[in-house]
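Student: Quick one: the structure is below, questions incoming.
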Amino acid sequence: EAQVTQNPRYLITVTGKKLTVTCSQNMNHEYMSWYRQDPGLGLRQIYYSMNVEVTDKGDVPEGYKVSRKEKRNFPLILESPSPNQTSLYFCASSADRAQAQYFGPGTRLTVL
Amino acid sequence: GDSVTQMEGPVTLSEEAFLTINCTYTATGYPSLFWYVQYPGEGLQLLLKATKADDKGSNKGFEATYRKETTSFHLEKGSVQVSDSAVYFCALRPLSAAGNKLTFGGGTRVLVKP
């Protein structure tokens, strides 16, 4: 089954404690993205990757890092989380720039 | 910059009612337009899309027509069911953006009552 998986699905942490949210896709997609969803704001892109070792900033990259060492994986790293990063996070992938994106189930993060 | 504006919800309807969710956009050129649906507790799923002016996207009884003259992509369904209760997002893919970035509207929550 074609899918995008994310782990963990729920996470409560404290300010300053480094965390990683994993994302994996089994569709051999070139493009992957991270978004955050906040009430009334829709989804905003954090980072994207066009291929292995190729990443770039989206609209709201501050406080986040990503890496793309393998085609299927695109982890999101918060080196020092802060309460304003409390949000619902989605990973997405697509075969190329023109194709529709497939979204993961989301990770709800709370930073105390 | 590019932006998407959609009507605020929640929209509450009775089963078999007609649904319209308005979506307008601001963008350079002819972006691709999308509607995504998010069911409770799930990720977003592509509902339909249109890639050029006057294209009509359709899926599961939902339709939307790409109107360049009014920069709109309104979502419609003739007879909603309880299972259509979800949050609906209008989105565009800017022509100028690198990568596969989508610009989303704020989402419209739809609640269909039996």
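Protein sequence lines, in the order shown, are assigned to chains A and B.
Per my numbering, the very first residue in the first sequence carries number 1; after that it's consecutive.
Per my numbering, the very first residue in the second sequence carries number 1001; after that it's consecutive.
Each residue gets a CB set at the ideal place from its N, CA and C atoms; glycine is no exception.
All values derive from a computational prediction rather than experimental measurement.
1. At the level of alpha carbons, what is the spacing between Val1004 (chain B) and Ala1091 (chain B)?
2. Would you call the stretch 82-97 of chain A and the stretch 15-32 of chain A in contact, with 3 or more CB pairs under 8 Å?
3. Using 8 Å as the Cβ pair cut-off and three pairs as the minimum, do the stretch 1072-1080 of chain B and the stretch 84-91 of chain A touch?
4. What residues of chain B sit near Ala100 (chain A), judged by a beta carbon separation below 8 Å?
5. Since Val1082 (chain B) contacts Val1112 (chain B) with CB under 8 Å, what's their CB separation in whole angstroms?
6. Find out if the Cβ-Cβ distance for the pair Thr1024 (chain B), Ser1072 (chain B) is shorter than 8 Å.
7. Tell me where the beta strand (DSSP E) around Thr5 (chain A) begins and ends.
8. Say whether chain B places a C-beta atom closer than 8 Å to the C-beta of Tyr10 (chain A).
9. Below 9 Å on C-beta distance, what does Gly1009 (chain B) contact in chain A?
10. Looking at C-alpha atoms only, which residue of B:Pro1010, B:Leu1102, B:Gly1001 is the closest neighbour of Ser1085 (chain B)?
11. Per DSSP, which one or two residues make a beta bridge with Ser94 (chain A)?
12. Comparing the C-beta of Leu109 (chain A) with each C-beta of chain B, is any distance below 8 Å?
13. When burial is assigned at 16 or more other CB atoms within 10 Å of the CB, is Ile12 (chain A) buried or exposed?
14. With 8 Å as the threshold, decide whether the Cβ of Asn1059 (chain B) is near any Cβ in chain A.
15. Confirm, please, whether the CB-CB distance from Ala100 (chain A) to Phe1062 (chain B) is below 8 Å.
16. What number of angstroms, rounded off, separates the C-alpha of Gly5 (chain A) from the C-alpha of Val21 (chain A)?
17. Where does Asp56 (chain A) sit, in a helix, a strand or coil, going by DSSP?
18. Cα-Cα, which of A:Ser24, A:Gly104, A:Gly63, A:Arg36 is closest to Lys17 (chain A)?
Tutor: In terms of the structure at hand:
1. Locating residue 1004 (chain B) in the second sequence gives position 4, where the first residue counts as 1. Locating residue 1091 (chain B) in the second sequence gives position 91, where the first residue counts as 1. Whole-angstrom Cα-Cα distance: 7 Å.
2. yes
3. no
4. Here residue 100 (chain A) corresponds to residue number 100 of the first sequence, with the count starting at 1. Near Ala100 (chain A) (Cβ distances below 8 Å), the residues of chain B are Phe1034, Leu1046, Lys1049.
5. Residue numbering aside, residue 1082 (chain B) sits at position 82 when the second sequence is read from its first letter. Residue numbering aside, residue 1112 (chain B) sits at position 112 when the second sequence is read from its first letter. Going by Cβ atoms, the distance from Val1082 (chain B) to Val1112 (chain B) rounds to 5 Å, so yes, they are a contact pair.
6. Numbered from its first residue, the second sequence carries residue 1024 (chain B) at position 24. Numbered from its first residue, the second sequence carries residue 1072 (chain B) at position 72. It is a contact, given that the beta carbons lie within the stated cut-off.
7. Residue 5 (chain A) sits at position 5 when you count from the first residue of the first sequence. It spans 4-7 - the beta strand (DSSP E) in which Thr5 (chain A) sits, taken as one unbroken run.
8. The residue labelled residue 10 (chain A) in the question sits at position 10 within the first sequence. Not closer than 8 Å to any Cβ of chain B, the Cβ of Tyr10 (chain A) fails to qualify, so no.
9. Locating residue 1009 (chain B) in the second sequence gives position 9, where the first residue counts as 1. Those within 9 Å of Gly1009 (chain B) in chain A number zero; the least Cβ separation is about 10 Å.
10. For this step, residue 1085 (chain B) is matched to residue 85 along the second sequence. Answer by Cα proximity: B:Pro1010.
11. If you number the first sequence from 1, residue 94 (chain A) lands on position 94. BP columns for Ser94 (chain A) point to A:Tyr31.
12. Reading the first sequence from its first residue, position 109 is the one you call residue 109 (chain A). Chain B contact via Cβ: absent.
13. By one-based count along the first sequence, residue 12 (chain A) stands at place 12. With fewer than 16 Cβ atoms within 10 Å of its Cβ, Ile12 (chain A) is classed as exposed.
14. In the second sequence, residue 1059 (chain B) corresponds to position 59, counting from 1. No, because no Cβ of chain A sits closer than 8 Å to the Cβ of Asn1059 (chain B).
15. Taking the second sequence and counting its residues from 1, one reaches residue 1062 (chain B) at position 62. Taking the first sequence and counting its residues from 1, one reaches residue 100 (chain A) at position 100. Cβ atoms of Phe1062 (chain B) and Ala100 (chain A): not closer than 8 Å.
16. Counting from 1 along the first sequence, the entry for residue 5 (chain A) is found at position 5. Counting from 1 along the first sequence, the entry for residue 21 (chain A) is found at position 21. Reading off the sequence shown, one finds Thr at residue 5 (chain A), where the question assumed Gly. Answer to the nearest angstrom: the Cα atoms are 11 Å apart.
17. Residue 56 (chain A) sits at position 56 when you count from the first residue of the first sequence. Correct three-state label for Asp56 (chain A): strand.
18. Counted from its first residue, the first sequence places residue 17 (chain A) at position 17. The shortest C-alpha separation from Lys17 (chain A) is found at A:Gly63.
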